[in-house]
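**Q**
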Amino acid sequence: MKPNIIISESPRPIWQIPIAALFFTIATAITIFAFYRLSFNEEGFIAFLHQFKSSLIFIAPGIAFSLRKSIHIDIKNSRFRPTYSVGPLKFGSWQTIKNYQYVSVFHQPTIGGDYIFEVNLWYDNNKHFELYEENDYKEAFLIGYELSEQLNIDLLDATVPNDFKWIDKDEWKAKIASGKID
Numbered sequence: 001m002k003p004n005i006i007i008s009e010s011p012r013p014i015w016q017i018p019i020a021a022l023f024f025t026i027a028t029a030i031t032i033f034a035f036y037r038l039s040f041n042e043e044g045f046i047a048f049l050h051q052f053k054s055s056l057i058f059i060a061p062g063i064a065f066s067l068r069k070s071i072h073i074d075i076k077n078s079r080f081r082p083t084y085s086v087g088p089l090k091f092g093s094w095q096t097i098k099n100y101q102y103v104s105v106f107h108q109p110t111i112g113g114d115y116i117f118e119v120n121l122w123y124d125n126n127k128h129f130e131l132y133e134e135n136d137y138k139e140a141f142l143i144g145y146e147l148s149e150q151l152n153i154d155l156l157d158a159t160v161p162n163d164f165k166w167i168d169k170d171e172w173k174a175k176i177a178s179g180k181i182d
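Taking UniProt numbering as reference, the numbering of the sequence shown is continuous, increasing by one, and the terminal residue is 182.
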């Protein structure tokens, strides 16, 4: 068993990096200009705040184009930490899990009529934590399977509404070994 598990979104597409950099550059330029023109009186401070607000307007899409979510699970100490990172900056705090119960994979309809598959970790008698979202059923299921194996807990397939099934993990081991995952 691994002492730590990290579940992470796939990296941002390469075309989003220059767009995020452009928004951050504009926001930085506005902020530098605001500090340059800062005068220490009430009118100067109000003008500074208006320019700083403009800077925040450019920071928001920069963050949207560069934000990445990951989940760190520390099995030994029975805790997890959702982490949001923008470049080298990471934000998140550890939360304790008293007892792992099971991992579920289910599908959620999107606005466009498609489905997104979610992997959740259930713990402490009916609490859950959303770990992963994926458009591909097989990819989401493999993440759920791997996590359930590492934590030595059950796996629930809830992808068909009102027809939830507990997965026979020995059968899935055989499917993975043979490479015949449907």
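Glycine is no exception: its CB is placed at the ideal position from the N, C-alpha and C atoms.
Going by C-alpha distance, which of G92, F117, H72 is nearest S8?
**A** Position 8 of the sequence shown holds residue 8. Taking only the C-alpha atoms, the option nearest S8 is H72.
**Q** Which two residues bound the contiguous beta strand (DSSP E) that contains F106?
**A** Locating residue 106 in the sequence shown gives position 106, counting from the first residue. Where F106 is concerned, the enclosing beta strand (DSSP E) stretches over 100-109.
**Q** Provide the residue(s) that pair with N4 in DSSP beta bridges, ordered along the chain.
**A** Taking the first residue of the sequence shown as position 1, residue 4 is located at position 4. DSSP output for N4 lists D74 as bridge partner(s).
**Q** With a 10 Å radius around its C-beta and 16 neighbouring C-beta atoms as the bar for buried, classify A20 as buried or exposed.
**A** The sequence position of residue 20 within the sequence shown is 20, counting from 1. A20 comes out buried.
**Q** Within a Cβ cutoff of 8 Å, which residues of the same chain sit near T31, ignoring the five residues on either side of it in sequence?
**A** For the purposes of this step, residue 31 is taken as the residue at position 31 of the sequence shown. Here the set comprises Q51, F52, S55.
**Q** Using only CA atoms, which one of Y100, D163, T159, E149 lies nearest to W172?
**A** Within the sequence shown, the letter at position 172 stands for residue 172. The shortest Cα separation from W172 among Y100, D163, T159, E149 belongs to E149.
**Q** Determine contact between the region 103-114 and the region 79-93, defined as no fewer than three beta-carbon pairs at a distance below 8 Å.
**A** No contact exists between the region 103-114 and the region 79-93.
**Q** Please report the distance separating the alpha-carbon of L147 from that of D170.
**A** Stepping through the sequence shown from its first residue, residue 147 is reached at position 147. Stepping through the sequence shown from its first residue, residue 170 is reached at position 170. Their Cα atoms are separated by approximately 15 Å.
**Q** Quick one: any contact between the region 87-106 and the region 153-162, if contact means 3 or more CB pairs under 8 Å?
**A** Counting Cβ pairs under 8 Å, three or more are found: they touch.
**Q** Looking at the secondary structure, which residues open and close the alpha helix (DSSP H) in which S66 lies?
**A** Here residue 66 corresponds to residue number 66 of the sequence shown, with the count starting at 1. S66 -> alpha helix (DSSP H) spans 42-66.
**Q** Hey, quick one: how far does the alpha helix (DSSP H) through W28 stretch, first residue to last?
**A** Numbered from 1 along the sequence shown, position 28 holds the residue referred to as residue 28. This sequence places Thr at residue 28; Trp is not what is there. Unbroken alpha helix (DSSP H) run through T28: 16-36.
**Q** Between N125, S70, E118, D74, which lies nearest to N99 when the distance is taken from Cα to Cα?
**A** Counted from its first residue, the sequence shown places residue 99 at position 99. Here the closest residue by C-alpha is N125.
**Q** Roughly how many angstroms lie between the CA atoms of G62 and L22, to the nearest whole one?
**A** For the purposes of this step, residue 62 is identified with residue 62 of the sequence shown, where counting begins at 1. For the purposes of this step, residue 22 is identified with residue 22 of the sequence shown, where counting begins at 1. Their backbone Cα atoms lie some 8 Å apart in a straight line.
**Q** Who are the near neighbours of F80 in its chain, counting only those whose CB is closer than 8 Å to its CB and skipping five residues on each side?
**A** Locating residue 80 in the sequence shown gives position 80, where the first residue counts as 1. Answer for F80: I71, H72, I73, D74, W94, Q95, I97, L121, F129, listed in chain order.
**Q** Would you kindly work out how many angstroms separate the C-alpha atoms of F33 and A27, rounded to a whole number?
**A** Walking along the sequence shown from the start, residue 33 turns up at place 33. Walking along the sequence shown from the start, residue 27 turns up at place 27. Distance between the alpha carbons of F33 and A27 is about 10 Å.
**Q** Apply the 10 Å Cβ neighbour rule to A140 and answer buried if 16 or more other Cβ atoms are within range, or exposed otherwise.
**A** Here residue 140 refers to the residue found at position 140 when the sequence shown is read from its first residue. When all chains shown are included, A140 counts as buried.
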